[in-house]
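*Asks:* Residue numbers (the UniProt record's numbering), protein chains in the order written: chain A, 1 to 195; chain B, 1 to 195.
2 protein chains.
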Amino acid sequence: MRDAELTRQKILEISADEIHKKGFVATSLSCILVRCEVSKGALYHHFKNKMELGYAVFEEIYTPMFLELWQPAVEVNDPIEGLCDFFTAMYTNSSCDEIVCGCPLNNLCQEMSGVDEGFRLRILNMQQQLNQLIAINLQRVANQLRDDIDFSQVAYFIVSTFHGSSSLSKSSKNKDLFEKVIKELCNYIRNLKSH
Amino acid sequence: MRDAELTRQKILEISADEIHKKGFVATSLSCILVRCEVSKGALYHHFKNKMELGYAVFEEIYTPMFLELWQPAVEVNDPIEGLCDFFTAMYTNSSCDEIVCGCPLNNLCQEMSGVDEGFRLRILNMQQQLNQLIAINLQRVANQLRDDIDFSQVAYFIVSTFHGSSSLSKSSKNKDLFEKVIKELCNYIRNLKSH
DNA sequence: TTACATACCGACCACGCGGTATGTAAATAC
DNA sequence: GTATTTACATACCGCGTGGTCGGTATGTAA
């Protein structure tokens with residue numbers, strides 16, 4: 001056949017890119033169709049409507065992407081240094097555009113949580129997964145850390161700051177502020193160690 | 001006359017509320033007109049277009065509101081405790097809806113920075129003002145603080161975390177996560193003191 | 001009273017959007 | 001070889017939006 005799965009995948013990936021760059025609402029189907037070089041009929045053959053396309057992007061693109069990104073950072077021997085390396089690599093390796101574009105999870109959280117319940121629950125689930133991932137791996141090395149630490153609280157704190165910093169760099173359109181905040185975040189994280 | 005200034009002010013305030021709750025793009029003029037009980041002609045008499053209305057809301061409502069909110073928190077004798085009290089008061093006094101709704105500055109930053117240059121520059125300016133406000137007041141009590149502190153970096157860090165936490169609470173639709181992050185933020189802030 | 005500017009009204013418009021209905025060619029089943 | 005289903009393509013529709021424009025009521029100054 002004309003490889004339906006490939007068509008579907010192409011639509012998903014380009015949609016993911018568009019949604020990441022423009023947000024969900026501002027992303028127009030016609031724009032996706034042009035980039036994919038498929039017709040509206042093709043899109044509506046694979047997805048019930050725009051919302052379902054959005055959900056599919058979240059589940060099939062963003063979610064695995066996210067876990068693949070964070071897991072190695074935190075499942076390393078020393079998660080403290082793992083996280084610091086991860087964040088540091090982010091502003092040294094990522095282009096300015098990528099950083100200014102922001103994290104898809106945070107972007108969608110800001111845009112869609114209050115508008116659509118389906119998105120909200122998916123986002124919430126992802127955030128909880130991410131939080132557990134970090135909290136568990138910090139607990140794993142609890143003996144090296146200060147003894148007054150609430151692991152879940154610290155995990156949420158780290159993610160909050162990270163998301164806040166990418167939000168901050170949107171208005172300055174460069175990664176200087178992102179770098180500043182991330183550096184301070186590394187200070188904070190390293191300070192979790194007992195000394 | 002029919003008090004043009006009052007009409008203008010009413011449009012500004014209701015627009016500010018709508019933009020805060022729905023975002024700028026999702027805010028429809030017709031909705032504003034209904035709530036204001038004025039005609040489209042009245043609105044376009046006072047504002048050139050939707051964008052200019054948005055700018056006016058930012059400059060005449062959000063900016064002063066923001067400064068009045070943060071200044072007392074940080075211009076107090078002990079800005080460390082001032083900030084902690086400020087944040088703590090935020091999750092004890094604010095309703096769940098208010099917190100979930102998020103900070104107008106952060107919301108607009110996320111939504112409009114990448115789309116419209118006029119918004120971006122106004123937001124950037126506000127962020128820099130806020131950063132200076134915090135940094136200067138921390139420097140004011142530098143003798144009580146650790147001596148390895150980059151004041152600007154710390155100020156950006158604090159605001160980032162604050163904004164990140166309000167973003168976080170959008171998906172959970174309650175203020176528990178907000179509270180968690182803010183508590184950890186207070187731990188961090190108090191830890192700036194030398195001991 | 002005249003002349004004019006300000007403040008406001010409401011009908012109308014073009015546009016782009018998400019979504020649908022109908023048609024058709026390719027692949028599969030029988 | 002034929003029937004049926006799958007995988008698209010295309011033309012079309014209704015709706016809500018920001019924005020315009022001719023007209024009108026209200027105030028002010030000559």
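For glycine and all other residues, C-beta sits at the position ideal for the given N, C-alpha and C.
All of these numbers come straight from a predicted model, not from anything done at the bench.
(1) Tell me which residues share the same chain as A/R140 and place their Cβ nearer than 8 Å to its Cβ, disregarding the 5 neighbours each side in the sequence.
(2) Look up B/K183 in the DSSP assignment and say whether it is helix, strand or coil.
(3) What three-state label does DSSP hand A/L192 in the structure shown?
(4) Quickly, what does DSSP pair A/L145 with across the bridge? List them, please.
(5) How about A/L145 and A/L138: are their beta carbons less than 9 Å apart?
(6) Assuming B/S28 contacts A/L124 (C-beta within less than 8 Å), just tell me the rounded distance between them.
(7) Leaving aside the five residues before and after A/I99 along the sequence, list all residues of the same chain whose C-beta is less than 8 Å from its C-beta, in chain order.
(8) Does any CB atom of chain B fall closer than 9 Å to the CB of A/G118?
(9) Under 8 Å Cβ to Cβ from A/I189, same chain only, skipping five residues before and after it: list those, please.
(10) Using the three-state DSSP reduction, which class does A/T74 fall into: helix, strand or coil?
(11) Determine the chain B residues that contact A/Y156 at a beta-carbon separation under 7 Å, and present them in chain order.
(12) Taking 9 Å as the CB-CB limit, is A/V57 close to chain B?
(13) Please check if any C-beta of chain A sits within less than 9 Å of the C-beta of B/E111.
(14) Buried or exposed, going by whether 16 or more other CB atoms sit within 10 Å of the CB of A/E5?
(15) Using the rule of at least 16 other Cβ atoms within 10 Å of the residue's Cβ for burial, across every protein chain shown, is B/E68 buried or exposed?
(16) Nearest chain A C-beta to residue 196 of chain B closer than 9 Å, yes or no?
(17) Within 10 angstroms of the Cβ of B/Q132, are there 16 or more other Cβ atoms? Answer buried if so, exposed if not.
(18) Taking just the CA atoms, how far does A/R8 sit from A/L43?
*Replies:* To lay it out plainly:
(1) P79
(2) helix
(3) coil
(4) A/K193
(5) yes
(6) About 28 Å; that fails the 8 Å criterion.
(7) M90, Y91, S166, S169, K175 and F178
(8) no
(9) I80, L83, C84 and I158
(10) The amino acid occupying residue 74 of chain A in the given sequence is Val; Thr does not appear at that position. Here A/V74 sits in helix by DSSP.
(11) L168, L177, K180 and V181
(12) no
(13) yes
(14) exposed
(15) exposed
(16) There is no way to answer for residue 196 of chain B, as the model of chain B reaches only from 1 to 195.
(17) exposed
(18) 8 Å
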